[in-house]
Amino acid sequence: MRHMMIVLLEFYPSWLALPREQRRMHAAALKAAIEKYSGQVSVRFFDAEALPGKDYTDFVVCETEDLKAYHYLWEEIRDSEPYTKGYMKIKDVIMGLENAFQAYEREALDMPE
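In this note's numbering, the protein residues as written are 287 to 399.
Written as C-alpha cells, this is what we have:
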C-alpha cells in the first residue's frame with residue numbers, strides 16, 4: 287500500500303542568516319541523504335513561506351511503500367547539521383494511505399474491484 291506524508295517544516299531566521307554558500311552546502315548534505323533512499327522514498331520539496339501558511343515555511347511530500355526507509359531517511363535528516371544546530375524543525379506530519387478503502391474492500395471483504 288502506498289503511503290503519502292506531507293512533512294511541514296519551519297526554517298528559522300538563523301538559517302536565513304547563514305551565507306547562501308553555507309546553506310547550499312547544508313542542502314547538498316540533505317540531498318545526499320535523500321538520494322540514499324531514492325529507490326524507496328519519493329521526495330519533493332516546496333517553499334511556502336511567501337504563501338499563506340500557518341506555522342511552517344516549507345513542506346516536503348514523501349511517497350513510499352516502505353515506512354522503514356521513510357523513517358530512516360528522517361532519522362538521517364534529524365542527525366544533520368541544519369536540524370541539530372536548530373536551523374529547522376519538523377512542525378507536523380500529515381499522513382495518508384492511497385486508496386486504502388479499496389484495498390480494505392478487496393482484501394478484507396473479498397469484494398471484486
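From the three backbone atoms N, C-alpha and C, an ideal C-beta is built for every residue, glycine too. On a predicted model such as this, the values are computed, not experimentally measured, just so you know.
Nearest to residue i (by Cα), restricted to the options the options
i       : options                            : result
Met-381 : Arg-364, Glu-393, Thr-350          : Thr-350
Glu-335 : Glu-393, Ala-389, Leu-294          : Leu-294
Pro-368 : Asp-378, Met-311, Asp-341          : Met-311
Asp-341 : Asp-378, Glu-399, Arg-392          : Asp-378
Ser-328 : Ser-366, Arg-392, Met-291, Thr-370 : Met-291
Residue i versus residue j: straight-line alpha-carbon distance, rounded
i       : j       : result
Met-287 : Ala-386 : 7 angstroms
Val-347 : His-289 : 11 angstroms
Ile-376 : Glu-296 : 7 angstroms
Leu-316 : Pro-299 : 19 angstroms
Leu-337 : Pro-398 : 43 angstroms
Arg-330 : Glu-393 : 31 angstroms
Ala-313 : Glu-384 : 29 angstroms
Residue i classed as buried or exposed, judged by whether at least 16 other C-beta atoms fall within 10 angstroms
i       : result
Phe-345 : buried
Met-374 : buried
Leu-359 : buried
Thr-343 : buried
Does the stretch 318-334 come close enough to the stretch 352-361 that 3 or more CB-CB pairs lie under 8 angstroms? yes
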